[in-house]
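Here the protein sequences line up with chains A and B, keeping their order. Quick note on our numbering: the first sequence kicks off at 1 and runs consecutively. Quick note on our numbering: the second sequence kicks off at 222 and runs consecutively. Cβ atoms here follow ideal geometry from the backbone N, Cα and C, with glycine treated the same way.
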Amino acid sequence: MIRFTNVSKRYPGGYEALSDVNFHLNQGEMAFLTGHSGAGKSTLLKLIALIERPSGGQVVVGGQNIAKLGRRKIPYHRRNIGVIFQDHRLLFDRTVFDNVALPLIIAGYSRDEIGRRVRAALDKVGLLRKEKVYPITLSGGEQQRVGIARAVINKPPLLLADEPTGNLDPELSREIMGIFEEFNRVGVTVLVASHDLALIDQIPARRLILRGGRLIQGGGV
Amino acid sequence: MGATLQRRGSGGISIYIARHLQTLFYALGQLSLKPFSTLMMVAVIGIALAMPAGLHVLLKNVQQVLAGWDGAAQLSLFLQHDVKESQALALAQKLRTRDGIASVDYISRDQAMAEFKRLSGFGEALKALEDNPLPPVLVVHPTLALQGPELLKQLREELAAEQAVEIAQLDMQWIKRLYALMDIGKRGVWILAAMFALGVLLVVGNTIRLAIQNKRDEIVIIKLIGGTDTFIRRPFLYSGFWYGLLGGMIALLMIESALLFLSGEVNNLAILYSSEFRLATVDLATAGALLLGGLLLGLGGSWLAVGRHLRSIEPT
Numbered sequence: 001m002i003r004f005t006n007v008s009k010r011y012p013g014g015y016e017a018l019s020d021v022n023f024h025l026n027q028g029e030m031a032f033l034t035g036h037s038g039a040g041k042s043t044l045l046k047l048i049a050l051i052e053r054p055s056g057g058q059v060v061v062g063g064q065n066i067a068k069l070g071r072r073k074i075p076y077h078r079r080n081i082g083v084i085f086q087d088h089r090l091l092f093d094r095t096v097f098d099n100v101a102l103p104l105i106i107a108g109y110s111r112d113e114i115g116r117r118v119r120a121a122l123d124k125v126g127l128l129r130k131e132k133v134y135p136i137t138l139s140g141g142e143q144q145r146v147g148i149a150r151a152v153i154n155k156p157p158l159l160l161a162d163e164p165t166g167n168l169d170p171e172l173s174r175e176i177m178g179i180f181e182e183f184n185r186v187g188v189t190v191l192v193a194s195h196d197l198a199l200i201d202q203i204p205a206r207r208l209i210l211r212g213g214r215l216i217q218g219g220g221v
Numbered sequence: 222m223g224a225t226l227q228r229r230g231s232g233g234i235s236i237y238i239a240r241h242l243q244t245l246f247y248a249l250g251q252l253s254l255k256p257f258s259t260l261m262m263v264a265v266i267g268i269a270l271a272m273p274a275g276l277h278v279l280l281k282n283v284q285q286v287l288a289g290w291d292g293a294a295q296l297s298l299f300l301q302h303d304v305k306e307s308q309a310l311a312l313a314q315k316l317r318t319r320d321g322i323a324s325v326d327y328i329s330r331d332q333a334m335a336e337f338k339r340l341s342g343f344g345e346a347l348k349a350l351e352d353n354p355l356p357p358v359l360v361v362h363p364t365l366a367l368q369g370p371e372l373l374k375q376l377r378e379e380l381a382a383e384q385a386v387e388i389a390q391l392d393m394q395w396i397k398r399l400y401a402l403m404d405i406g407k408r409g410v411w412i413l414a415a416m417f418a419l420g421v422l423l424v425v426g427n428t429i430r431l432a433i434q435n436k437r438d439e440i441v442i443i444k445l446i447g448g449t450d451t452f453i454r455r456p457f458l459y460s461g462f463w464y465g466l467l468g469g470m471i472a473l474l475m476i477e478s479a480l481l482f483l484s485g486e487v488n489n490l491a492i493l494y495s496s497e498f499r500l501a502t503v504d505l506a507t508a509g510a511l512l513l514g515g516l517l518l519g520l521g522g523s524w525l526a527v528g529r530h531l532r533s534i535e536p537t
């Protein structure tokens, strides 16, 4: 599903966020990406979603070398990846329903289909009764679950999460991780960046450990 | 996943149209959320459009007045110096029976002198003349049927051939001058229209630019979840569309009210001149051009802004 070959990323100004990273994530696999902050976790996820381009090496996602994707094709690439952000990135002037529906509206689904899918996704994250409220009235954990519902609404084969439990208490965090495990069980490839080792220890999944931009564990399959 | 470019859920043409309509009215809804600033914006566009369009309507009215005066073309027949009054009157009588001539006025040498003294201001100097140098004149008014410049020219030549006539002169010079002035006026309308069009383009462009900056976060999020440039661009383009269309409507309203305001006085004036003239309102073609022009300018302005600023907003 994801294959990094000798990937490096140097930001303008010379800071090298990733150097010579190699790993392969199989389809349907779940893995954690850990390391101290600044180790390059976010950068690695950004390379997969084409928010950043690698300075060197090759990133293959879903069998496609994404370095060759032109600007115009990036949106279609991103529609196949559900991304969950630490800061949720919700639209606060729209209801929960409209937030979750956004990827479907973008992709041009019919109104009926959108209604059906949004309710199913909200049901899955336990927020069905909150579809008409605005995100600002929700707790952090609920906002994160809206973000998750939005990420999975399009049924993407790949789910990326960047510190999804960063601001949540342990109990809520465990709940969020449970949701990821559920998606993984139905065949979705999941890659979660997190520095919450106590939490990760409870879940049997592969660990990719970054230190100073280098992958020091978990690279081989 | 291999088929990264596969478009999913594209539901055919009806959904495409529904989506556009939805965005169209979403954009209108967004504008109605800020009624005051929207109204200001639309008024600015309206005034800018009303200037050249109003001048255009005014010129059209002047043209109509001139069309009425075209019939006032007259021929002055300057008779030979030695033609006697009785001869002149006989000629006048003869001409009155001719086809194509409505009336003939006779101006004797004395009358001509008196008028010249009055109008020229050379009163005292003219007294020095021993003899009246002015010829008797017949003023010929052609019938309305005889309107084309060619026909008038033909009539002039025929009258010039009369024995007693020294010079036959067609008095259309002043109308030609007026027409030349009108042509300058029309050019002026175009220059004004071009300048104000540019103004509208920039005003709309700037407003849309601000709107884009206000929606920066939203644009980033939509890009992150796979929104294409086209998708993101659409609501902004429709905002421009509405600004332009509403501006055009305001302009139309302004011109119509101005005409209404003027019409009473103009009608009074027309009655004083015993004219049938009535102030023409904005015709359908002008109204259509105004609305379409506003709409296109709004769309164009937002296109400029969107093209320049949307690309620079990328998720990080």
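* Other residues of its chain near residue 526 of chain B: CB distance less than 6 Å, five sequence neighbours each side excluded -> 426, 429 and 430
* Asked: Using a Cβ-Cβ distance under 9 Å, would residue 223 of chain A count as near chain B?
  -> The structure shown does not extend to residue 223 of chain A, since chain A spans only 1 to 221, so no value can be given for it.
* Residue burial classification, residue 129 of chain A (beta-carbon count within 10 angstroms, cutoff 16) -> exposed
* **residue 303 of chain B: first and last residue of the uninterrupted beta strand (DSSP E) it sits in** => No beta strand (DSSP E) holds residue 303 of chain B; DSSP gives it neither H nor E.
* Cut-off 6 Å between Cβ atoms - residues of its own chain near residue 211 of chain A, not counting five sequence neighbours on either side -> 35 and 39
* DSSP beta-bridge partners for residue 193 of chain A? -> A/33 and A/162
* Just reading off the beta strand (DSSP E) that residue 2 of chain A is part of, what are its end residues? -> 2-10
* **For residue 417 of chain B and residue 269 of chain B, believed in contact at Cβ under 8 Å, the rounded distance** => 4 Å
* For residue 37 of chain A, the nearest candidate out of A/77, A/194, A/201 and A/202 (CA to CA) -> A/194
* To do: Determine the DSSP secondary structure at residue 536 of chain B, reduced to helix, strand or coil.
  => coil
* Asked: Expressed to the nearest angstrom, what Euclidean distance is found between the alpha-carbon atoms of residue 213 of chain A and residue 15 of chain A?
  -> 10 Å
* Relative to the alpha-carbon of residue 413 of chain B, which residue among B/259, B/265, B/432 and B/271 has its alpha-carbon at the smallest distance? -> B/271
* In chain A, which residues lie with their C-beta within 9 Å of the C-beta of residue 437 of chain B? -> Chain A residues near residue 437 of chain B: none, gap ~12 Å exceeds 9 Å.
* To do: Within 10 angstroms of the Cβ of residue 380 of chain B, are there 16 or more other Cβ atoms? Answer buried if so, exposed if not.
  => buried
* **Residues that residue 206 of chain A bridges to, as DSSP identifies them** => A/31
* **Residue from B/262, B/256 and B/406 with nearest C-alpha to residue 468 of chain B** => B/262
* With 16 other Cβ atoms within 10 Å as the buried cut-off, status of residue 176 of chain A -> buried
* Asked: Counting only beta-carbon atoms, is residue 536 of chain B nearer than 9 Å to chain A?
  -> yes
* Asked: How would you call residue 171 of chain A, buried or exposed, if buried means at least 16 neighbouring beta carbons within 10 angstroms?
  -> exposed
* Whose Cβ in chain A lies nearer than 7 Å to the Cβ of residue 440 of chain B? -> What residue 440 of chain B touches in chain A: nothing, since even the nearest Cβ is about 11 Å away.
* Pairing CB atoms from the region 271-280 of chain B with CB atoms from the region 469-489 of chain B, are three or more of them under 8 Å? -> yes
* Looking at C-alpha atoms only, which residue of A/13, A/11, A/9 and A/21 is the closest neighbour of residue 208 of chain A? -> A/21
* 7 Å Cβ cut-off: residues of chain A touching residue 452 of chain B -> 106
* Any chance the region 21-32 of chain A sits against the region 190-204 of chain A, with 3 or more Cβ pairs inside 8 Å? -> yes
* To do: Starting from residue 144 of chain A, trace the alpha helix (DSSP H) both ways and give me its first and last residue.
  => 140-152
* To do: Report the neighbours of residue 236 of chain B on chain A: residues whose CB is nearer than 9 Å to its CB, in chain order.
  => 108, 109, 110 and 111
* **Minimum Cβ-Cβ distance from residue 122 of chain A to chain B less than 9 Å** => no
* Beta-carbon proximity of residue 522 of chain B to residue 421 of chain B, cut-off 9 Å -> yes
* Asked: Which one of B/451, B/443 and B/520 has the shortest CA to CA distance from residue 78 of chain A?
  -> B/443
* Asked: residue 153 of chain A and residue 96 of chain A look like a contact to me (Cβ under 8 Å); what is the Cβ gap, rounded to whole Å?
  -> With a Cβ gap of about 12 Å, residue 153 of chain A and residue 96 of chain A do not count as contacting.
* **Under 8 Å (Cβ pairs) to chain B, residues found in the region 173-186 of chain A** => none
* Which chain A residues are close to residue 455 of chain B, counting only those with a beta carbon under 9 Å from its beta carbon? -> What residue 455 of chain B touches in chain A: nothing, since even the nearest Cβ is about 11 Å away.
* Asked: Can you tell me whether residue 494 of chain B is buried or exposed, with buried defined as 16 or more other CB within 10 angstroms of its CB?
  -> exposed
* To do: With DSSP collapsed to three states, give me the class of residue 106 of chain A.
  => helix
* Interface positions of the region 78-98 of chain A facing chain B (Cβ-Cβ less than 7 Å), listed along the chain -> 78, 79, 80, 83, 89 and 91
* In or out: residue 532 of chain B buried (at least 16 other Cβ within 10 Å) or exposed? -> exposed
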